[in-house]
Structures are given as C-alpha cells and as structure tokens.
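I have placed the structure first, in the form of structure tokens, so that the comments after it can refer back to it.
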Amino acid sequence: MRLNIALAALAATVAFASPAGAQVVSSTAQAEARGTILQPLTLNRVQDLDFGTILVDPLGGGGSVTIDADDGSRSVTGGVAEVGVNGGQRAIFSGAGPANDTVDLVLSQPAGGLLYRDATTSLAGVLVLDQGGSTTRTMDSLGAYSVGVGGTFTIAATQGAGVYAADFDLTANYQ
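Here the sequence shown stands for residues -22 to -1, 1 to 153, where the numbers follow mature numbering (1 follows the signal peptide of the UniProt record, and there is no 0).
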C-alpha cells in the first residue's frame, strides 16, 4: 500500500509541477468584399444652340431674344424683330449610361455670360437647361437620356451687326 500511496503522490506532484497547457481561444468575423463597375457615360452634341437671325430697331430701345430650352421656340421682346431666314434652335445633347441610373449635369455658361462678335463687341445673356433648369437626368430603360439647352440674350438698340458666338460646356457626372 505504501507503494500505491507513493506512486499517487508522485503522480500528483508531476501533475501539479508540469505547466498547464495553454487554452486556445479563437474568434471569427465575416466581412463582405465588393466593388462597383460603372460603364462610361457618354454625352454627344446633336445640334448647336442658335438664336437665329434677328433685326434690331435702333429707335426701339433694344430688347432680347430667347430660345426655349424645352421646345426650341424663339421669342423676342422690345425693339427686336424675328427674321424668317433662320428661326433658331435649342442645343440638344444625347447621352447614354446604365439603364435607370441618374446623372448630374453641369452647364458652363459662355465666358462672362457673353456672346462675342469680336474682342470688343458682345451680348450679355444666360443659358438654361430644359425641364425647368433641372440639373439631373434619369436614363431610360435602354440607358439613354437627352438634354436641351436654351437661353436669353439682351440686345442693345445700338448693337453692331454681325455674327455673335461663344462656346459653352455641358458635363454629365454620375450621381
């Protein structure tokens, strides 16, 4: 019996004297990996904005000419008269992108809001987008959208004759 007690004591000493095995604790978390691939937006000029041919009455005090951004119709005020040779037209742009997606539009006015005949002769005005000036468009189910641009320019009674022009930009960005 002494032998059994000695062996038991020896076993207990070994059990307490040996280092305890490290307990392994693990944790797992899950995350999602993803990316969005966009197809390039397109925006193309279909036609330029043209205020048409007009006549200014030097005794009429000047006036203005307007091209409607929604339907392209032209109207004049004051001493400005329409001439039938060129009735004007709105600018039209067409674009494409992912179906039913939305784009933001940025219309950059001509430099200083002016149309120039030469370095010293200009007309002041403002350009506008169709749909009440809305700066967003939603592409249709085929991914197409269009934008009309019109505007109004003021013409002085003493405005010099000639062709007045300036460039403007329309930019479409993903919303």
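Each residue gets a CB set at the ideal place from its N, CA and C atoms; glycine is no exception.
Could you tell me the distance, in whole angstroms, from the CA atom of D28 to the CA atom of A69? The residue you call residue 28 lines up with position 50 of the sequence shown. The residue you call residue 69 lines up with position 91 of the sequence shown. If you take the alpha carbons of D28 and A69, they lie about 7 Å apart.
Drop a sphere of 10 angstroms on the beta-carbon of S100, count the other beta-carbons inside from all chains shown, and report buried for 16 or more, exposed for fewer. As a working mapping, residue 100 is identified with position 122 in the sequence shown. When all chains shown are included, S100 counts as buried.
Nearest-angstrom Cβ-Cβ length linking A135 and G30, presumed shorter than 8 Å: In the sequence shown, residue 135 corresponds to position 157, counting from 1. In the sequence shown, residue 30 corresponds to position 52, counting from 1. Not quite, the Cβ-Cβ distance comes to about 19 Å (not below 8 Å), so this is no contact.
Nearest to G110 by CA position, among D79, G138, Y123, G128, is which residue? Translated into the one-based positions of the sequence shown, residue 110 becomes position 132. When each option's Cα is compared against that of G110, the closest is G128.
DSSP-derived helix/strand/coil call for G39: Taking the first residue of the sequence shown as position 1, residue 39 is located at position 61. In the three-state reduction of the DSSP assignment, G39 falls in the coil class, being assigned neither a helical nor a strand state.
By a C-beta neighbour count over all protein chains shown, 10 Å radius and 16 as the cutoff for buried, is D108 buried or exposed? Your numbering for residue 108 matches position 130 in the sequence shown. D108 is buried by the Cβ-count criterion.
Closest Cα partner of N64 within the set G50, D82, S86, A77: On the sequence shown, position 86 is the one that residue 64 refers to. For the residues G50, D82, S86, A77, the minimum Cα distance to N64 belongs to G50.
Exposed or buried, what is I15 when buried is set at 16 or more other beta-carbons lying within 10 Å of its beta-carbon? Within the sequence shown, the letter at position 37 stands for residue 15. That one is exposed.
Who are the near neighbours of R(-21) in its chain, counting only those whose CB is closer than 8 Å to its CB and skipping five residues on each side? Mapped onto the sequence shown, residue -21 falls at position 2. In this prediction, R(-21) has a pLDDT of 48, which is less than 50 and means its spatial position is unreliable; what the coordinates show is noted afterwards. Excluding its 5 nearest sequence neighbours in each direction, R(-21) has no C-beta neighbour in its own chain below 8 Å.
Can you tell me which of Q17, L120, A143 puts its alpha carbon nearest to the alpha carbon of residue 154? The requested residue 154 is not part of the displayed model; the chain covers only -22 to 153.
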